[in-house]
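Asks: Below is the structure I would like to discuss, written out as structure tokens.
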Amino acid sequence: MITLRGLTKRFGSTVAVDALTVDIAPGRVTGFLGPNGAGKSTTMRMILGLDRPTAGQALVGGRAYRELRRPLHEVGALLDARAIHPVRSGRAHLRAMAHSNGIPIRRVDEVLDTVGLDGQAAGKPGRTLSLGMGQRLGIAGALLGDPPVLMFDEPVNGLDPDGVRWVRQLMRSLADEGRTIFVSSHLMSEMQLTADQLVVIGRGRLLADEPIGEVIARGTVAVRVRSPHPDGLAALAARLTAAGASVEAADRNELTVTGATADQVGDLAHELGVRLHELSAHAASLEQAFMELTADSVEYAGGPTGGGAR
Numbered sequence: 165m166i167t168l169r170g171l172t173k174r175f176g177s178t179v180a181v182d183a184l185t186v187d188i189a190p191g192r193v194t195g196f197l198g199p200n201g202a203g204k205s206t207t208m209r210m211i212l213g214l215d216r217p218t219a220g221q222a223l224v225g226g227r228a229y230r231e232l233r234r235p236l237h238e239v240g241a242l243l244d245a246r247a248i249h250p251v252r253s254g255r256a257h258l259r260a261m262a263h264s265n266g267i268p269i270r271r272v273d274e275v276l277d278t279v280g281l282d283g284q285a286a287g288k289p290g291r292t293l294s295l296g297m298g299q300r301l302g303i304a305g306a307l308l309g310d311p312p313v314l315m316f317d318e319p320v321n322g323l324d325p326d327g328v329r330w331v332r333q334l335m336r337s338l339a340d341e342g343r344t345i346f347v348s349s350h351l352m353s354e355m356q357l358t359a360d361q362l363v364v365i366g367r368g369r370l371l372a373d374e375p376i377g378e379v380i381a382r383g384t385v386a387v388r389v390r391s392p393h394p395d396g397l398a399a400l401a402a403r404l405t406a407a408g409a410s411v412e413a414a415d416r417n418e419l420t421v422t423g424a425t426a427d428q429v430g431d432l433a434h435e436l437g438v439r440l441h442e443l444s445a446h447a448a449s450l451e452q453a454f455m456e457l458t459a460d461s462v463e464y465a466g467g468p469t470g471g472g473a474r
């Protein structure tokens with residue numbers, strides 16, 4: 165288990181991580197979400213002993229990372245796919261890691277095979293590797309010591325769709341083996357397919373630590389309405405707005421309604437005599453739930469799309 169207790173990191177007057185307390189349990193994939201600048205990478209760095217906490221503690225299996233005698237046997241991590249020697253080959257990079265932690269050299273070829281890097285790719289100097297190949301090499305390094313705890317920061321960056329699916333399947337299989345998987349990503353659609361539990365932070369503070377289904381359930385449910393009668397649909401929109409619902413018109417024949425149930429919309433349409441071709445409720449996606457949850461924690465918000473300044 166990864167245990168965070170009051171974990172805090174300040175850089176001068178800036179609080180990057182603010183009293184974060186959470187347990188990352190084994191046997192599941194825990195997604196780590198937050199807007200840019202929320203403190204995700206800093207949190208992971210403190211778990212791995214790369215940054216010293218200002219206050220609180222980060223433990224792996226009940227011990228600080230610096231106390232682990234052979235850390236690669238305890239926790240594997242990929243934080244930066246480019247963090248390899250520019251001249252040393254991928255295979256030599258993994259051999260050096262193995263030697264430093266008492267790992268048999270044969271394990272290098274095993275993990276290279278697991279991540280799909282053949283002999284030619286593994287023999288290339290680090291500076292010539294694509295981002296996707298670097299990600300695969302970094303994942304191989306994380307797996308090298310066969311650790312019970314694995315941490316990945318944006319592991320699918322630079323991967324093609326097949327590679328993204330492979331990472332998803334790998335995370336799930338590792339969690340099914342009883343390992344602790346802690347992974348950050350900005351790809352909400354992928355996280356929705358992969359994670360069991362979500363830890364969401366904003367401006368360094370914990371916003372949610374819940375099963376993914378509960379986080380998604382926080383999002384707004386929308387009702388889609390289609391009718392062949394634009395005038396009737398306009399009257400329906402006016403009545404819904406007056407009743408406190410939010411209504412957006414996709415076109416003259418379609419509305420998206422929030423703040424009212426499908427039953428309520430259907431009853432009102434019947435009352436007005438508006439014939440409907442569609443009345444359907446659409447549950448929130450993880451992306452929508454995430455945007456609503458972190459709305460007050462976004463450091464740099466984008467403006468409206470379209471014309472104007474860029």
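FYI, in the working numbering the residues of the sequence shown are 165 to 474.
Note that the Cβ used here is the ideal one computed from N, Cα and C, for glycine as well.
1) Pick out the complete alpha helix (DSSP H) segments inside the segment 357 to 414, 4 residues or longer, and give them in chain order.
2) Around the Cβ of E354, are there at least 16 other Cβ atoms within 10 angstroms (buried) or fewer (exposed)?
3) Mapping the DSSP letters down to three states, classify H441 as helix, strand or coil.
4) In the DSSP assignment, the beta strand (DSSP E) including D187 goes from what residue to what residue?
5) The alpha helix (DSSP H) spanning S264 covers which residue range?
6) I think S444 touches A426, with their Cβ atoms under 8 Å apart; what is that distance to the nearest whole Å?
7) As a quick exercise: from A406, E418, Y229, G170, pick the residue whose alpha carbon is nearest that of L440.
8) For R271 and A262, what's the separation of their Cα atoms in angstroms?
9) Where does G322 sit, in a helix, a strand or coil, going by DSSP?
10) Look at the alpha carbon of Q361 and the alpha carbon of Q428, and state the distance between them as a whole number of angstroms.
11) Locate the alpha helix (DSSP H) running through S294, then write down its first and last residues.
12) Under 7 Å, do L432 and V421 count as touching if we go by C-beta distance?
13) Taking S348 as part of the beta strand (DSSP E), name the residues at either end of that continuous run.
14) Rank M297, R174, F196 by C-alpha distance to the C-alpha of L371 and give the top, closest one.
15) Please state whether the Cβ-Cβ distance between R369 and D182 is less than 7 Å.
16) Which full runs of the alpha helix (DSSP H) of 4+ residues lie inside the segment 199 to 235, going along the chain?
Replies: Taking the structure as given:
1) Runs of the alpha helix (DSSP H) spanning 4 or more residues and lying entirely within the segment 357 to 414 occur at 376 to 381, 394 to 406, in chain order.
2) If you number the sequence shown from 1, residue 354 lands on position 190. Within 10 angstroms of the beta-carbon of E354 lie 16 or more other beta-carbons, which makes it buried.
3) As a working mapping, residue 441 is identified with position 277 in the sequence shown. In the three-state scheme derived from DSSP, where H, G and I count as helix and E and B as strand, H441 is classed as coil.
4) Taking the sequence shown and counting its residues from 1, the one referred to as residue 187 is at position 23. Element bounds for D187: 178 to 188.
5) One-based indexing of the sequence shown puts residue 264 at position 100. 254 to 264 is the span of the alpha helix (DSSP H), which, as asked, contains S264.
6) Counting from 1 along the sequence shown, the entry for residue 444 is found at position 280. Counting from 1 along the sequence shown, the entry for residue 426 is found at position 262. S444 to A426, Cβ: 7 Å. Contact.
7) Taking the sequence shown and counting its residues from 1, the one referred to as residue 440 is at position 276. The candidate whose alpha carbon is nearest that of L440 is E418.
8) In the sequence shown, residue 271 corresponds to position 107, counting from 1. In the sequence shown, residue 262 corresponds to position 98, counting from 1. Using only the alpha carbons, I get a separation of about 8 Å.
9) Here residue 322 is taken as the residue at index 158 of the sequence shown, counted from 1. Assignment of G322 by DSSP, reduced to helix, strand and coil, places it in the coil class.
10) Numbered from its first residue, the sequence shown carries residue 361 at position 197. Numbered from its first residue, the sequence shown carries residue 428 at position 264. C-alpha separation (whole angstroms): 33 Å.
11) Here residue 294 is taken as the residue at index 130 of the sequence shown, counted from 1. Unbroken run through S294: none, as it is neither H nor E.
12) Working through the sequence shown from its first residue, we reach residue 432 at position 268. Working through the sequence shown from its first residue, we reach residue 421 at position 257. When the beta-carbon positions are compared, L432 and V421 stay at least 7 Å from each other.
13) Start at 1 with the first residue of the sequence shown, and residue 348 comes out as number 184. Run containing S348: 344 to 348, per the beta strand (DSSP E) assignment.
14) As a working mapping, residue 371 is identified with position 207 in the sequence shown. Out of M297, R174, F196, F196 has the C-alpha closest to the C-alpha of L371.
15) Along the sequence shown, read from residue 1 onward, the residue named residue 369 stands at position 205. Along the sequence shown, read from residue 1 onward, the residue named residue 182 stands at position 18. Cβ atoms of R369 and D182: closer than 7 Å.
16) Complete alpha helix (DSSP H) runs here, min 4: 204 to 211.
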